[in-house]
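J.: Below is the structure I would like to discuss, written out as structure tokens.
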Amino acid sequence: MIWRVCQSQREFNILSNEKSYWKAQFERSKKKNAELIKENEILKAKLALREKQLFGRKGEKGNKNGPEKGDKKGKRGQRKGTKGHGRRSHKGLPVVEKEYDLAEDEKYCKKCGLSFNEFPGTEDSEEVEYEVLIYRKVHKRRRYTPTCSCNCNPGIITAKGPDKLISGGGYAISFWIKVFLDKYRWQTPTNRLREELEKFQLFVSQGSITGGFQFISGLLKPIEDEIINKNKTETHWHCDETRWTPIFTVSEIIIIIPKIFLFPTLYIFYPFAYFFAS
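Using UniProt numbering, you'd call the opening residue of the sequence shown number 1 and step up by one each time.
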């Protein structure tokens, strides 16, 4: 009898220990499952955000009515019935006014012959004009001759003419501004620029434009020196390597550098060689 009680107590202790073990395992699994559920929700949120970033409509104006029936992908552009942005304002442009009036035979009644009274104000509308005007400006400098016998004046006194960018040149400053902007701001090849000018009966040789560039580059040398000096005084520099492959020729020896390092600062100056120009 005592032996059976001891055996039952031993079995009870074993089962009690197993109960505690499996209970701890259950709590651990329950906690792990909660962590996995929370992690899964976070990953779903990240996935939804990434899909929205990759495949969303970005900043385009949405169509409340949705795509038209029969269109699988929907047509591009503004939908019929949606509110537009209206006409763009061009108030920054200069204004040239032009008046329109009735013809003389339209200013009276066709039946009784009495004339119309002019109504105050005008009915206005506007449109944007584009006009290119290339012309020859003839500078006529008046000349004078002295009437005294002081011999301190030359025989003919001529008024001073306009200032020129290139002394004795036949092209005004406005012409060179046009050429420089097209060349270095809009990256227009020189030959294409010449073809554009030829449409307005202005024929300019390649040598004239190239010679002007070479002369004006000397005038810009002080600005170049100031930019370089400004770069040398910078205190914050960034360094990065590039895979550009510079090729130099020194004493008929070709030198190839596999990579170069760039040190950009707030002000950047990169002198282009003549063979880089188009």
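Even glycine gets a Cβ: it sits at the ideal position worked out from N, Cα and C.
1. What did DSSP end up calling residue 135 once you bin it into helix, strand or coil?
2. Report the option in 209, 81 and 98 whose CA atom is closest to the CA atom of residue 179.
3. For the alpha helix (DSSP H) holding residue 222, just list the boundary residues, first then last.
4. If you run the structure through DSSP and keep just helix, strand and coil, what is residue 190?
5. Among 108, 102, 168 and 80, which has the Cα closest to the Cα of residue 122?
6. What does the alpha-carbon distance come out to for the pair residue 276 and residue 202?
7. At what residues does the alpha helix (DSSP H) containing residue 166 begin and finish?
8. Taking the DSSP output, what are the residues bridged to residue 108?
9. Whether or not the region 166–176 and the region 208–223 are in contact is what I'm after, with contact meaning three or more pairs of Cβ atoms, one per stretch, closer than 8 Å; do they touch?
10. Decide if the region 152–159 is in contact with the region 132–144; the criterion is three or more beta carbon pairs, one per stretch, under 8 Å apart.
11. To the nearest angstrom, how far is it from the Cα of residue 54 to the Cα of residue 228?
12. Could you tell me the distance, in whole angstroms, from the CA atom of residue 50 to the CA atom of residue 38?
13. Cα separation between residue 97 and residue 89?
14. Would you kindly report the start and end of the unbroken alpha helix (DSSP H) that includes residue 251?
15. To the nearest angstrom, how far is it from the Cα of residue 196 to the Cα of residue 107?
16. Check whether the Cβ atoms of residue 183 and residue 190 sit closer than 8 Å, and answer yes or no.
17. What do you get for residue 212, buried or exposed, if any count of 16 or more other CB atoms within 10 angstroms of its CB means buried?
T.: Let me lay it out:
1. coil
2. 209
3. 221–232
4. helix
5. 102
6. With a pLDDT of 42 at residue 276, under the threshold of 50, the predicted position of this residue should be treated as unreliable, and no value is reported.
7. That residue, residue 166, is in no alpha helix (DSSP H); it is neither H nor E in DSSP.
8. 115
9. yes
10. yes
11. 43 Å
12. 19 Å
13. 17 Å
14. Note, residue 251: premise wrong, no alpha helix (DSSP H); not H, not E.
15. 46 Å
16. yes
17. buried
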